[in-house]
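What follows is a set of notes on a single structure, which appears directly below.
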Ligand SMILES: [Zn+2]
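Residue numbers (the working numbering): 1 to 261.
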């Protein structure tokens with residue numbers, strides 16, 4: 001490698017180090033305010049479920065699991081809404097706004113433990129401030145690009161192309177994608193423990209994803225575009241199951257209820 005090429009690669013390396021740190025740098029308060037406004041707009045524009053028992057169930061699950069998650073993100077104004085939509089999907093926004101589609105509850109055959117598995121996952125995304133971290137990362141990528149561009153301005157165009165190309169590939173494949181998968185894993189694990197601590201049978205996470213897998217053998221559902229492959233996810237959940245089951249038994253005993261064997 002020529003000496004003139006070492007400098008741009010060193011700059012890339014520095015930028016990638018900078019981007020790599022997965023910390024949240026935006027204001028949680030302003031993100032919460034913005035997502036509340038967006039969530040209110042969704043509630044006005046989209047049709048909400050009129051199924052009273054579905055609504056009650058989602059609110060009950062939400063209250064119980066958010067109660068567990070509260071220690072990780074105190075002061076969150078949680079809100080749980082059932083949207084009348086056929087896709088089996090759920091989402092969460094910063095500040096504790098959680099949406100569950102009626103199609104997801106139907107896929108779970110109304111099984112409360114299974115719905116709790118999904119809500120636990122969504123609550124974990126919020127409690128771990130994943131949106132803030134993701135947006136902060138995008139900002140760092142943009143900022144890193146500006147720094148690099150400024151540093152390279154005096155170099156000849158072929159050097160700039162090499163450095164820019166390496167930087168682009170690095171940020172897309174090396175950083176951005178695995179980072180998001182890592183968050184999904186974090187949410188799967190934390191969500192499993194949250195729902196178990198809320199007194200929901202954690203094994204329902206596996207049966208739910210098996211149903212999802214069976215139903216969507218051919219069609220790639222919306223949920224999979226932003227969430228990991230269900231096969232890998234089931235294996236990962238199972239690897240955490242002993243610990244989750246112990247938490248569940250503890251929670252059930254504390255509630256004076258009998259845990260599922
Ligand atoms: Zn997720």
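Don't be surprised by glycine CBs; every beta carbon is placed ideally from N, CA and C.
Notebook entry, point to check: What do you get for residue 33, buried or exposed, if any count of 16 or more other CB atoms within 10 angstroms of its CB means buried?
Noted result: exposed
Next item on the list: Answer yes or no: the CB of residue 182 versus the heavy atoms of ligand 1, is any distance below 6 angstroms?
Entry: no
Margin query: Let's see if you can read the secondary structure: which residues bound the alpha helix (DSSP H) around residue 101?
Written below: It is not in any alpha helix (DSSP H) - residue 101 instead sits in the beta strand (DSSP E) that spans 97-101.
Item checked: Among 204, 229 and 198, the one whose alpha carbon lies nearest that of residue 213 -> 229
Note to self: Measuring only the C-alpha atoms, how far is residue 104 from residue 138?
What the structure shows: 30 angstroms
Notebook entry, point to check: Out of curiosity, what's the CA-to-CA distance linking residue 59 and residue 186?
Noted result: 24 angstroms
Checklist line | Contained beta strand (DSSP E) runs [length at least 3] in the region 70-116, N- to C-terminal order | finding: 79-83, 90-93 and 97-101
Note to self: Per the DSSP calculation, residue 48 is bridged to which residue(s)?
What the structure shows: 83
Check: Can you tell which of 201, 38, 117 and 42 has the C-alpha that lies nearest to the C-alpha of residue 257?
Finding: 201
Notebook entry, point to check: Is it true that the CB of residue 82 sits closer than 7 angstroms to the CB of residue 53?
Noted result: no
Check: By DSSP, does residue 201 sit in helix, in strand, or in coil?
Finding: coil
Next item on the list: Can you give me the Cβ contacts of residue 79 inside the same chain, cut-off strictly under 6 angstroms, excluding the 5 residues immediately before and after it?
Entry: 97
Note to self: If distances are taken between C-alpha atoms only, which option among 140, 243 and 207 comes closest to residue 231?
What the structure shows: 207
Margin query: Going by DSSP, what residue range makes up the alpha helix (DSSP H) through residue 128?
Written below: Per DSSP, residue 128 belongs to no alpha helix (DSSP H) and is neither H nor E.
Check: Measuring from the CB of residue 275, is there a heavy atom of ligand 1 at a distance below 6 angstroms?
Finding: One cannot answer for residue 275 here, as it falls past the ends of the chain, which runs 1 to 261.
Item checked: Close-in-space but distant-in-sequence residues of the same chain around residue 240 (CB under 6 angstroms, 5 per side omitted) -> 189 and 192
Notebook entry, point to check: Do you know how far the Cα of residue 128 is from the Cα of residue 73?
Noted result: 8 angstroms
Checklist line | Residue from 194, 57 and 112 with nearest C-alpha to residue 69 | finding: 194
Checklist line | Where the alpha helix (DSSP H) containing residue 247 begins and where it ends | finding: 241-254
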